[in-house]
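So for the sequence shown, my numbering puts the first residue at 34; every next one is plus one. C-beta: ideal position from N, C-alpha, C; glycine also. Note sheet for the following structure.
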Amino acid sequence: MSIMYLGQACICLPFYLLGFYGRNYLKREKRDRRVLVVSFVIWIFSFYKFYSPQNLSINLIEQNILAFYLEAIAGSFVVIELCKMISCRVLCFFGRNSIVPMMVQFSIIWLLMKFVRIESLSVYVVTSLAVCILSGFCIPLFRNKLYDIFK
């Protein structure tokens with residue numbers, strides 16, 4: 034553990050910088066299949082070639098840091114381009130308010146781990162879906178007409 038999670042914040046800083054400085058490109062609604070295909074190939078290759086378990090909550094990265102960022106950024110671009118191709122009101126709402134699920138998901142995961150042991154892939158998938166649904170239900174708590182924590 035680092036003091037006040039400073040190490041974890043520094044690991045995540047490149048993602049923040051990429052989002053901040055690339056916001057004009059990332060917010061474009063135009064789909065780019067080349068970016069999707071190239072990002073997907075890079076993501077699969079780097080995942081296959083360099084993968085090792087990570088745990089950012091305790092600042093543990095057991096692989097080359099450049100490979101870690103390459104994997105994460107390529108995977109992020111895959112998700113961004115796929116989201117541009119899929120038009121769904123629920124997912125759009127979830128995406129616009131994604132700060133809330135990111136804010137509450139660690140607490141929900143911590144609470145669920147008190148009751149659920151992840152011993153198989155099916156339990157992992159069900160638990161992941163439960164976390165996504167529960168964190169999505171938290172959006173109206175923090176962002177509504179009467180009380181919006183982010184304004």
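Item, Value
"Report the rounded CA-to-CA distance for V156 versus R56, giving the unit in angstroms.", "36 Å"
"Determine the DSSP secondary structure at R64, reduced to helix, strand or coil.", "coil"
"For Q87, which three-state DSSP category applies?", "strand"
"Cβ atoms of Y102 and P47: under 8 Å apart, would you say?", "yes"
"Let me check one thing: in DSSP terms, what residues is I94 bridge-paired to?", "Q87"
"With burial defined as no fewer than 16 other Cβ atoms inside 10 Å of the residue's Cβ, what is the status of E114: buried or exposed?", "buried"
"Could you have a look at R176 and say whether DSSP puts it in helix, strand or coil?", "strand"
"Compare the beta carbon distance of V111 and L69 with 8 Å and say whether it is the shorter of the two.", "yes"
"Measuring CA to CA, which of L39, V133 and I94 is closest to D181?", "V133"
"Would A163 and L144 qualify as a contact pair, given that the criterion is a beta-carbon distance under 8 Å?", "no"
"Indicate whether I75 and A107 have their beta-carbon atoms separated by less than 8 Å.", "yes"
"Nearest CA to the CA of F170: which residue from K63, L124, V71 and A42?", "L124"
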